[in-house]
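Undergrad: For reference, each letter of the sequence shown is one residue, going -19 to -1, 1 to 531 in mature numbering (1 follows the signal peptide of the UniProt record, and there is no 0).
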Amino acid sequence: MASSSPLLLLLLLLPLAAAASLPPLPLSTASRWVVGADGRRVKLGCANWASHLEPVAAEGLSRRGLGDIAARVAAMGFNCVRLTWPTYLATNATLANLPLRWSLERLGMRESVAGVRVNNPGLLDLPLIDVFQEVVSALARNNIMVILDNQMTTPGWCCSTTDGNGFFGDKYFDPEEWLNGLRTMATMFRNTKNVVGMSLRNELRGPYQNVSLWYRYMKQGAEAVHAANPDVLVILSGLDFDNTLNFVVPNQIHLSFTGKLVFEQHWYGFSDGGNWESHNQNDACGMVVGFIKNKGLFLLQQGWPLFFSEFGFDMSGTHTGDNRYLTCFLSVAAEMDLDWAIWALQGSYYIREGTLAYDESYGLLSWDWCTARNPSFIKRVNSLQSPFQGPGLPNSQEPYNVIFHPLSGLCVVVKSSEALELGPCDESNAWNYTSTHELVLQHTGQCLQAKSVGENAQLGTDCSKSSSKWQLISNSGMHVSTELTKNGTRVCLDATLDGIITTNQCKCLTGDPNCNPESQWFKIILSSKHIGTSILQLPSDGPWSPTSST
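(1) Based on DSSP bridge pairs, tell me the residues matched to Asp130.
(2) Three or more C-beta pairs under 8 angstroms: does that hold for the segment 435 to 452 against the segment 404 to 424?
(3) Are Leu107 and Pro80 close, meaning C-beta to C-beta below 8 angstroms?
(4) Do you know offhand how far Phe288's Cα is from Asp320's?
(5) Can you tell me whether Pro108 is helix, strand or coil according to DSSP?
(6) In the DSSP assignment, find the unbroken beta strand (DSSP E) run with Ile505 in it and report its ends.
(7) Go ahead and pull the three-state DSSP assignment for Cys266.
(8) Could you tell me which residues DSSP pairs with Ala353 in its beta bridges?
(9) Hey, out of Asn256, Thr415, Ala431, whose CA is closest to Gln439's CA?
(10) With respect to 7 angstroms, is the separation between the Cβ of Asn100 and the closest non-hydrogen atom of the ligand ADP below this value?
(11) For Glu399, which residues from the same chain have a beta carbon less than 8 angstroms from its beta carbon, with the 5 sequence-adjacent residues on both sides left out?
(12) Where in the segment 393 to 464 do unbroken runs of the beta strand (DSSP E), each at least 3 residues long, occur, reported from the N-terminal end onward?
(13) Tell me the DSSP secondary structure of Ser43 in three-state form.
(14) State the Cα-Cα distance for the pair Ile454 and Arg164, rounded to the nearest angstrom.
(15) Taking the beta carbon of Cys139 as the centre, do at least 16 other beta carbons fall within 10 Å, making it buried, or is it exposed?
(16) Following the continuous beta strand (DSSP E) through Trp14, name the residue where it begins and the one where it ends.
(17) Considering just the uninterrupted stretch of the beta strand (DSSP E) at Ala28, what are its terminal residues?
(18) Where Ile516 and Gly187 are concerned, what is the direct C-alpha to C-alpha distance, given to the nearest angstrom?
(19) Which of the three DSSP states is assigned to Ser(-16) in this structure?
(20) I'd like the span of the beta strand (DSSP E) that includes Asn485, first residue to last.
(21) What residue range is occupied by the uninterrupted alpha helix (DSSP H) comprising Glu92?
(22) Based on the DSSP output, what are the partners of Arg197 in its beta bridges?
(23) Can you tell me where the beta strand (DSSP E) with Ala167 in it begins and where it stops?
(24) Evaluate Arg91 with the Cβ neighbour count: other Cβ atoms within 10 Å of its Cβ, from every protein chain shown; 16 or more gives buried, anything less gives exposed.
(25) Hey, how far is the Cα of Thr142 from the Cα of Phe149?
(26) Note the first and the last residue of the continuous alpha helix (DSSP H) segment covering Thr75.
(27) What is the rounded straight-line gap between the Cα of Ala203 and the Cα of Gly293?
(28) Out of Pro372, Pro375, Leu374, Val395, state which residue places its alpha-carbon closest to the alpha-carbon of Val383.
(29) Please report the straight-line C-alpha distance between Ser342 and Ala38, rounded to a whole angstrom.
(30) Bridge partners of Tyr249, per DSSP?
(31) For Arg333, which residues does DSSP report across the bridge?
(32) Who pairs with His386 in a beta bridge, going by DSSP?
(33) Is Ser252 buried or exposed, if buried means 16 or more other CB atoms sit within 10 Å of its CB?
(34) Under the three-state reduction of DSSP, which class applies to Ile512: helix, strand or coil?
(35) Let's see if you can read the secondary structure: which residues bound the alpha helix (DSSP H) around Asp303?
(36) With DSSP as the reference, identify every bridge partner of Ala476, one or two as the case may be.
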């Protein structure tokens, strides 16, 4: 934890998401949404768990008990795991039947053997393929859905353009062997309820990649998986390390089945072209979001499901570029109500790129797997682990607006006509952002107003004032700005360190790469989920008092 500010303490006091039961399965798709067997939206809020490196076993089994790890996934609020595997686990019988002990010993990892003996003694002498199945079963016992991700052909760290695993026809990427591996895994988990999807291949890349072969083999892979296991979602990655899906626009892939196809895209700050540390943060965010929309995000608007199956950042909180990228990503994740998977669950690896006990700075868990590496992030992402929109939400209502603050992961909550503050998005009020730029509180008709620089934002009844007209300015589109009635000074919504919503002079709009605008970043997003009886609403007449409204 890099800070102990009041806002951070507010985040840490929020309750963790309660473990949920599995949704009605199997999953399918309805337009851009993933839905359960009952037709209701199922939002994928996942963690990536690597099982594709040289030991060919889920990371962390030498650090913690398998059941403990699975329970921690649920306790952090994630409802699914994207579990990686190498093709050879399914196609090389010698490797698949190698006991975990031998797999570790052949790599010289005696300490890892000792760790597994202490933490998971029942797994130590199981074949690797059985260990993989035990991981899936442990996640099932904790009501965690699983997406099987074919990460590589050969066990090892992914990815580079020269590792021979990049594209069909590459040194270690034989299309027929890949198809056989997909069939084997799809068949193996055909009756495993919590295995809900299969990603056909991670991060296609390298000099051999081309669109015509992508269509040929991705179609074959999709058909092979569906024939072997018609219940699972079939997830297709793009090109250029899964950064690009724009080639699917003119010629959508045609399959013999419907209701199961999902596309996936990756987004990292180190590869999105943002130059996060050298550019103004508003300019960088606006530019990168444009790139992401053109490369794949547009699919949602065309009615196709899109899963951001990898995003991640340095969880130490000390990497300026990653911190800036993350806040931008979270704003898009909220606005588009994305399905997503964070890279990564693992706090360390048995071995990575030749280094034993390699520390994963992007890991949710610490190096020893005992604690959360960045507890504030777990709280920050909590509001994005449940859906804002989608078909069949319980007690859903007509769409309304929520004012989301991506720096904190919280939403604007009305406490009184003169007190607005950040709070859990599940306790947000329903707003209406009108065509004439007023932010009107539903059920009351009162609108958000600015009084003066440095003072609290407040509610009022005269929505014709200039100080009630809120426009989205800066290239990020996240400065919510108005002009003061008295002197025309332009101010922006701002959140203090203790979460109070004020109005201050707009900062960091453009140019300066060292200025941090994030306290003034807000997203006005759509939601249709039910506002419960615990939510306080302002009455339409008389002084403000707590009410129970639905």
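For every residue, glycine included, the Cβ atom is placed at its ideal position computed from N, Cα and C.
TA: By the coordinates alone:
(1) Thr65, Ser180
(2) yes
(3) yes
(4) 5 angstroms
(5) strand
(6) 504 to 508
(7) helix
(8) Leu346
(9) Ala431
(10) Ligands displayed in this structure: none; no statement on the ligand ADP is therefore possible.
(11) Asn437, Gln439, Leu440
(12) 400 to 404, 412 to 414, 420 to 422, 428 to 430, 439 to 441, 452 to 454, 460 to 464
(13) coil
(14) 51 angstroms
(15) buried
(16) 14 to 16
(17) 26 to 30
(18) Only weak support is given to the placement of Ile516: the predicted model assigns it a pLDDT of 36, under 50, and the question is left unresolved by the model.
(19) Summary for Ser(-16): the model assigns pLDDT 41, below 50, so the residue's position carries little reliability, and this model does not support an answer.
(20) 482 to 486
(21) 91 to 100
(22) For Arg197, which the question treats as bridged, DSSP gives no partner whatsoever.
(23) Careful: Ala167 lies outside any beta strand (DSSP E), inside the alpha helix (DSSP H) at 156 to 169.
(24) exposed
(25) 13 angstroms
(26) 74 to 77
(27) 27 angstroms
(28) Val395
(29) 20 angstroms
(30) Gly293
(31) Thr336
(32) Leu391
(33) exposed
(34) coil
(35) 301 to 316
(36) Ile482
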